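Trainee: Residue numbers (UniProt numbering): 1 to 204. My structure is below; once you've seen it, I'll send some questions.
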Amino acid sequence: MSRYSILATAVEHRLLEKNSEFITFLQPVSDREQALHWLQHYREHYKDAAHVCWAYIIGNTRQPQTQAFSDDGEPSGTAGKPMLHVLTERELGNCLAVVVRYFGGIKLGAGGLVRAYSAAVSQAAQQANLQTVSPKARLQLQLDFALEARVRQLMAQYQAELLTADYQQQVMLQVQLPLEQHDALCLQLQNISAGAIMVKELAD
């Protein structure tokens, strides 16, 4: 899995379309529960709004861990789905988009709604700060005490972070490192120990 971008900071944006006001909030979220918590916050804050439409996407927008959307009473397919489409195209991972609509008395029609909700999120996305995420690999290393100093040098060289260290008959280290460094580190570990270091892949 390659690097991907996520929303780093919250964004608020206002759009007027034929007297209707569309207030967009982009909120960084790391899981579904957090997204739903923020959604409840906006619903309570804007109880008088005609609609509170939303979409969220967690993880890499090209291979999302989870995603969902809602039209919140707007005609089906005119709000949530176009909002999610913008998040995907702009590669705004770990992002909840909420668009609060105050109806201005002029109906926009299905096409007009799709354009308005897409524009609301797209314009907010232009103000967004993104952060690049590198996928990580986690390893458990089992090695002799004599090799520990050399292994720690290699860890520093390959940007591996020590998570836990356990000293019994042998040294047990749990480390996390950028996925792109994984193969090179494993090769070096085998080279310095003639295959004596036990390497076990750990699930996230």
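Cβ coordinates follow ideal geometry from the N, Cα and C atoms, glycine included. Since the model is a prediction, treat every value here as computed from it, not as a measurement.
Go ahead and pull the three-state DSSP assignment for VAL29.
Mentor: coil
Trainee: Rounding to the nearest angstrom, what Cα-Cα distance links VAL11 and GLU148 in this structure?
Mentor: 47 Å
Trainee: Under three-state DSSP, which class holds GLN65?
Mentor: coil
Trainee: Could you spell out the range, first to last residue, of the alpha helix (DSSP H) harbouring PRO82?
Mentor: 80–89
Trainee: If we count Cβ pairs, one from each stretch, closer than 8 Å, do we get three or more for the segment 136–154 versus the segment 112–128?
Mentor: no
Trainee: Specify the secondary structure class of PHE145 as computed by DSSP and reduced to three states.
Mentor: helix
Trainee: Would you decide whether ASN60 is buried or exposed? Buried here means 16 or more other CB atoms lie within 10 Å of its CB.
Mentor: buried
Trainee: What's the gap between the Cα of PRO75 and the Cα of MET83?
Mentor: 14 Å
Trainee: What did DSSP end up calling ARG138 once you bin it into helix, strand or coil?
Mentor: strand
Trainee: Counting only the same chain and skipping the five closest in sequence on each side, list residues whose C-beta sits under 6 Å from that of VAL133.
Mentor: TYR4 and ILE6
Trainee: Using only alpha-carbon positions, find the residue among TYR158, GLN67 and GLY73 that is nearest to HIS85.
Mentor: GLN67
Trainee: Specify whether the segment 90–98 and the segment 32–48 touch according to this definition: at least 3 beta carbon pairs, one from each stretch, less than 8 Å apart.
Mentor: yes
Trainee: Mind checking ALA55: buried by the 16 CB within 10 Å criterion, or exposed?
Mentor: buried
Trainee: So what does DSSP say about GLN168, is it helix, strand or coil?
Mentor: coil
Trainee: Is it buried or exposed for MET198, if we count other Cβ within 10 angstroms and need 16 for buried?
Mentor: exposed
Trainee: Going by alpha carbons, who is nearest to GLN153 out of PRO178, SER30, ILE192 and LYS107?
Mentor: ILE192
Trainee: In whole angstroms, what is the alpha-carbon distance linking ILE58 and CYS186?
Mentor: 30 Å
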